[in-house]
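Peer 1:
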Amino acid sequence: GGDGRKGIVSTASYPARKFGIRSGMPTFQAKRLCPQVIILPVDFRYYGLLSREFFAFVRKYSKKVEKASVDECYVDMTETLKGVADVHAYLVEMQNLLLKKTGLKCSIGVGPTKFLAKMASDMKKPMGLTILRRRDIPKLLYPLPIRDFYGIGRKTSPKLEATGIKTIGDLAKRINADDSDLHLILGKFFFVIKDWVNGYGNDELDLEPWDPKSIGNSSTFMHDTNDFSEIKEMIASLAKEVSERAQAERKKGSTVQIVIKDTEFKTINRSMTFEQPTNEYEVIFDKALTLLERHYKGQLIRLVGVTLQNLIDPRDLVIQMSLFDYRKHEEESTTKLLINELNRKLKKPMLIRASEIDTENKGDKNED
């Protein structure tokens, strides 16, 4: 969300995508493509609650889950589906139950490899269900345009199209003929993609928890500025967003980094590492502001960013503190857990600690 130059599209609804709007696009460009588009503010705390509900639901069906993103995963259902007479009906019931319990719609793709499952899940959205077996590949996969091939980026697909490859079927035919041009375009991924288009490849899940290495936000000013108070307000807003995302992901970090980009697109990155990992807004903002005061030289700038790095799971953290500090920490943690639980039941976060009220008000005009 956000207005003018500073906003970035986090995700786009399916109707918006028909106008060419996509994730990562500046909001001014989205408005140009679709003047009637409705842009909503982001709410990381709410997304975190929904994400945890989603994965808790999935793990009731199988413990073998590879988390691909905050709302996407690969699930090994081999044992779960043994003895199930009608797999299609079973999975439709699973979709409907998820919708009933969480309000979330999902698409399911079933295949013998992760690639085929991913491609199948993208074929029908939302609330789609596609089973893509190896024998179905010529009928279901090969007619798709090459730009829909998962793993081939926006830079590579035009190169393939320039050689006459318009569909995945065209790619399969050429790659199976050991086309020398494709060796040059695809490089070391030639044989990986050859396996994929023939229905083979990786089917093993990475069962390690999905962990972001850092959590950050950046924002572009409406106009180039060297107004320190304006820059400080933006840093405060970004620190707040980073804090909320870290708390939603249940992560703490021991390094804060700021990025400053000037009007000549020169970028300054500065960071500060500290002993006690945190996800508290006050600490993140304090460190980011200290870095800004030390390294900002008064030049006109167009963008600033704040990132929390060296993330850990707080459950792995041994906190060094006195007996009285421990009691205070325990009380604060209990309060946060209670607020989070009430917000979860309300389905939309409406409660915050009193100490955050001023913070909320200060950051309003800069939140995307």
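Going by our numbering, the sequence shown opens with residue 15, and the numbers climb by one from there.
We put the CB at the ideal spot given by N, CA and C, even for glycine.
Bear in mind that the values here come from a model prediction, so they are computed numbers and not experimental data.
Would Q271 and T321 be called neighbours here (beta carbons separated by less than 9 Å)?
Peer 2: One-based indexing of the sequence shown puts residue 271 at position 257. One-based indexing of the sequence shown puts residue 321 at position 307. Yes, Cβ-Cβ distance for Q271 and T321 is below 9 Å.
Peer 1: With R59 as the anchor, note down where its alpha helix (DSSP H) starts and where it stops.
Peer 2: Translated into the one-based positions of the sequence shown, residue 59 becomes position 45. Per DSSP, R59 belongs to the alpha helix (DSSP H) from 58–72.
Peer 1: Considering just the uninterrupted stretch of the beta strand (DSSP E) at P291, what are its terminal residues?
Peer 2: Position 277 of the sequence shown, counting from 1, holds the residue named residue 291. 281–292 is the span of the beta strand (DSSP E), which, as asked, contains P291.
Peer 1: Considering only residues of the segment 211–267, which uninterrupted alpha helix (DSSP H) runs meet the minimum length of 4 residues and lie entirely inside it, listed in chain order?
Peer 2: 242–262
Peer 1: Note the first and the last residue of the continuous beta strand (DSSP E) segment covering Q323.
Peer 2: Within the sequence shown, numbered from 1, the residue matching residue 323 stands at position 309. Here the beta strand (DSSP E) through Q323 covers 315–326.
Peer 1: Excluding the 5 residues flanking A131 on each side, which residues of the same chain have their C-beta closer than 8 Å to its C-beta?
Peer 2: What you label residue 131 is simply residue 117 of the sequence shown in a count that begins at 1. Taken in chain order, the residues that qualify are Y88, G123, V124, G125, L146.
Peer 1: Expressed to the nearest angstrom, what Euclidean distance is found between the alpha-carbon atoms of K301 and F242?
Peer 2: Along the sequence shown, one-based indexing puts residue 301 at 287. Along the sequence shown, one-based indexing puts residue 242 at 228. Straight-line Cα distance between these residues: approximately 16 Å.
Peer 1: Please classify T398 as buried or exposed, where buried requires at least 16 other C-beta atoms within 10 Å of its C-beta.
Peer 2: Shown here, the chain extends from 15 to 382; a query on residue 398 therefore has no answer.
Peer 1: Excluding the 5 residues flanking V211 on each side, which residues of the same chain have their C-beta closer than 7 Å to its C-beta?
Peer 2: In the sequence shown, counting from the first residue as 1, residue 211 sits at position 197. Around V211: I182, L185, A186, I189.
Peer 1: Helix or strand or just coil, what does DSSP make of T25?
Peer 2: In the sequence shown, counting from the first residue as 1, residue 25 sits at position 11. Coil, per DSSP.
Peer 1: Determine, using beta-carbon pairs with one atom in the segment 103–118 and one in the segment 279–297, whether at least three such pairs fall under 8 Å.
Peer 2: Taking 8 Å as the limit for Cβ pairs, the verdict is that the segment 279–297 does not touch the segment 103–118.
Peer 1: Going by DSSP, which residues form a beta bridge with E86?
Peer 2: Taking the sequence shown and counting its residues from 1, the one referred to as residue 86 is at position 72. In the DSSP output, where bridge partners are listed per residue, E86 has S83.
Peer 1: Note the first and the last residue of the continuous alpha helix (DSSP H) segment covering T144.
Peer 2: Residue numbering aside, residue 144 sits at position 130 when the sequence shown is read from its first letter. Taken as a continuous stretch (DSSP letters only), T144 belongs to no alpha helix (DSSP H), being part of the beta strand (DSSP E) at 143–145.
Peer 1: Spell out the partners DSSP gives G123 in its beta bridges.
Peer 2: Taking the sequence shown and counting its residues from 1, the one referred to as residue 123 is at position 109. G123 is bridged to T144.
Peer 1: DSSP state of I52, grouped into three classes?
Peer 2: Taking the first residue of the sequence shown as position 1, residue 52 is located at position 38. Coil at I52, not helix or strand.
Peer 1: Do the segment 54–66 and the segment 247–266 make contact, defined as three or more Cβ pairs closer than 8 Å?
Peer 2: yes
Peer 1: If you reduce the DSSP assignment to three classes, tell me which class I182 lands in.
Peer 2: The residue labelled residue 182 in the question sits at position 168 within the sequence shown. Note: I182 maps to helix in three-state DSSP.
Peer 1: Is L317 closer than 9 Å to S228 when the C-beta atoms are compared?
Peer 2: Counting from one through the sequence shown, the residue named residue 228 turns up at place 214. Counting from one through the sequence shown, the residue named residue 317 turns up at place 303. Cβ atoms of S228 and L317: not closer than 9 Å.
Peer 1: Tell me whether H237 is buried or exposed, calling it buried when 16 or more other Cβ atoms sit within 10 Å of its Cβ.
Peer 2: Counting from one through the sequence shown, the residue named residue 237 turns up at place 223. Counting Cβ neighbours within 10 Å, H237 comes out exposed, since fewer than 16 surround it.
Peer 1: Use the C-beta contact count for G62: other C-beta atoms within 10 angstroms, 16 or more gives buried, fewer gives exposed.
Peer 2: As a working note, residue 62 is residue 48 in the sequence shown. So G62 counts as buried.
Peer 1: Roughly how many angstroms separate the alpha carbons of D90 and M141, rounded to a whole number?
Peer 2: Residue mapping note: residue 90 aligns to position 76 of the sequence shown, counting from 1. Residue mapping note: residue 141 aligns to position 127 of the sequence shown, counting from 1. If you take the alpha carbons of D90 and M141, they lie about 20 Å apart.
Peer 1: If you reduce the DSSP assignment to three classes, tell me which class I166 lands in.
Peer 2: Here residue 166 is taken as the residue at index 152 of the sequence shown, counted from 1. Here I166 sits in coil by DSSP.
Peer 1: Output the distance between the C-alpha atoms of V206 and G165, rounded to the nearest integer angstrom.
Peer 2: The residue given as residue 206 occupies position 192 in the sequence shown. The residue given as residue 165 occupies position 151 in the sequence shown. Distance between the alpha carbons of V206 and G165 is about 10 Å.
Peer 1: Quick test of your reading: I315 and I249, contact by CB under 8 Å. State the CB separation rounded to the nearest angstrom.
Peer 2: Numbered from its first residue, the sequence shown carries residue 315 at position 301. Numbered from its first residue, the sequence shown carries residue 249 at position 235. No, I315 and I249 are not in contact; Cβ-Cβ is about 11 Å, not under 8 Å.
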